[in-house]
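Chemist: Letter by letter, the sequence shown follows residues 0 to 118 of numbering that gives the first Met the number 0. A single structure is presented below for examination.
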Amino acid sequence: MEVWFNPSCSKCRVARDGLAGAGVEVTLRRYLETPPSEAELRAALGALRLEPWDVTRMSEPLARELGLRDLPRDPDAWIAVLVEHPRLIQRPIVLADDGRAWVVRDGETLAEVLAAAGR
């Protein structure tokens, strides 16, 4: 599994620790240092079955500065913004080798990831 990870994010650390504690092998991708490409982001969104605005951190000051609330719901435009500004991507995103993916923001979703990993 790959985890799009920001070490300063408490939810990322909880997900990392929960997965490690259950013995799940993960690759931590510090996505602010190694941002996803457009193709990687599209693949993650497809696996998540979400639109780019669904994984955008709208509470970030940068989202307000960019006027994202008023940006038309054009997936290509939103993906371009997220590729250029990866800190706007919701975290952590967990990508399983079998093509499933989750935004792990709570214990229930972490439990789903652990169940999918057979833990």
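Think of the CB as a built atom: it goes at the ideal place given N, C-alpha and C, for glycine as much as any other residue.
Which of the three DSSP states, helix, strand or coil, is assigned to E1?
Modeler: In the sequence shown, residue 1 corresponds to position 2, counting from 1. Of the three classes helix, strand and coil, the one that applies to E1 here is strand, per DSSP.
Chemist: For the alpha helix (DSSP H) that contains A100, what are its first and last residues?
Modeler: Translated into the one-based positions of the sequence shown, residue 100 becomes position 101. Not the alpha helix (DSSP H): A100 falls in the beta strand (DSSP E), residues A100 to V102.
Chemist: Among residues of its own chain, excluding the 5 on either side of P51, which ones have a beta-carbon nearer than 7 Å to its beta-carbon?
Modeler: Here residue 51 refers to the residue found at position 52 when the sequence shown is read from its first residue. Only L44, P74, W77, I78 and L81 meet the Cβ criterion.
Chemist: To the nearest angstrom, report how far apart D105 and R63 are at their CA atoms.
Modeler: As a first step, residue 105 must be located in the sequence shown, where it is residue number 106. As a first step, residue 63 must be located in the sequence shown, where it is residue number 64. The straight-line gap from Cα to Cα measures roughly 25 Å.
Chemist: Under 8 Å between the Cβ atoms of M0 and V103?
Modeler: As a working mapping, residue 0 is identified with position 1 in the sequence shown. As a working mapping, residue 103 is identified with position 104 in the sequence shown. No, the Cβ-Cβ distance between M0 and V103 is not below 8 Å.
Chemist: Under the DSSP definition of a beta bridge, which residues are partnered with T55?
Modeler: As a working mapping, residue 55 is identified with position 56 in the sequence shown. DSSP lists I88 as partners of T55.
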